[in-house]
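Here's the structure, in structure tokens; my notes come after.
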Amino acid sequence: MLSLLINTMFFKFQFRNVEYSSGRNKTFLCYVLETQGKESATSRGYLEDEHAAAHAEMAFFNTILPKCDSSLRYNITWYVSSSPCVTCADRITETLKKNKNLRLTIMVGRLFMWEEAEMQAALKKMKSAGSPEASNMSLFFLPHDQFRKDL
DNA sequence: ATTTTCAAT
1 MLSLLINTMF
11 FKFQFRNVEY
21 SSGRNKTFLC
31 YVLETQGKES
41 ATSRGYLEDE
51 HAAAHAEMAF
61 FNTILPKCDS
71 SLRYNITWYV
81 SSSPCVTCAD
91 RITETLKKNK
101 NLRLTIMVGR
111 LFMWEEAEMQ
121 AALKKMKSAG
131 SPEASNMSLF
141 FLPHDQFRKD
151 L
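Just so we're aligned, residue 1 is where the first sequence starts under UniProt numbering, counting upward by one.
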């Protein structure tokens, strides 16, 4: 199908490991939510930013996270086209510190505003969120990432 | 040429 080809090309364009996200103007967030315990369950979904209204990460916190049961453990995986901005990274850090039942793995397509020192600090803080003995945050870049500096 | 970032018309 032609539409499948176009969708595939668009997906690859959005998740491409480029240095600057010129012309993309969007961020996609695919998530896998695994509930642990007696009744293990997996749900999957996809979110995108609402432009100026809310970034994709905020959309997750506003619409998906409230449906989680704080007495259950969750393994959350995000596949995001862009790394989070400073505000979103801070929100992720806070959320992981506040909710010890969550474990979040983020797979990042490309970096967002990596040159900014504030951005680097926010990502480092996010990566070390949670208790040091049992960190509940993992951050991964593409294996062939050309632009990532050491975190 | 890599060419400027989760829109604004």
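Even for Gly, the Cβ is constructed at its ideal location relative to N, Cα and C.
query	result
Do Glu48 and the ligand PLP come close, with the Cβ less than 7 Å from some heavy atom?	In the structure shown, the ligand PLP is absent, as is every other ligand, since no ligand is present at all.
Based on DSSP bridge pairs, tell me the residues matched to Trp78.	Tyr31 and Ile106
Would you check if there are 3 or more beta carbon pairs closer than 8 Å linking the region 59-69 to the region 11-26?	no
What is the DSSP secondary structure of Arg44, reduced to helix, strand or coil?	strand
Of the choices Met119, Asn17 and Leu33, whose alpha-carbon is the least far from that of Thr87?	Met119
Counting only the same chain and skipping the five closest in sequence on each side, list residues whose C-beta sits under 7 Å from that of Leu142.	Asn17 and Gly109
In whole angstroms, what separates the C-alpha of Ala56 from that of Val32?	15 Å
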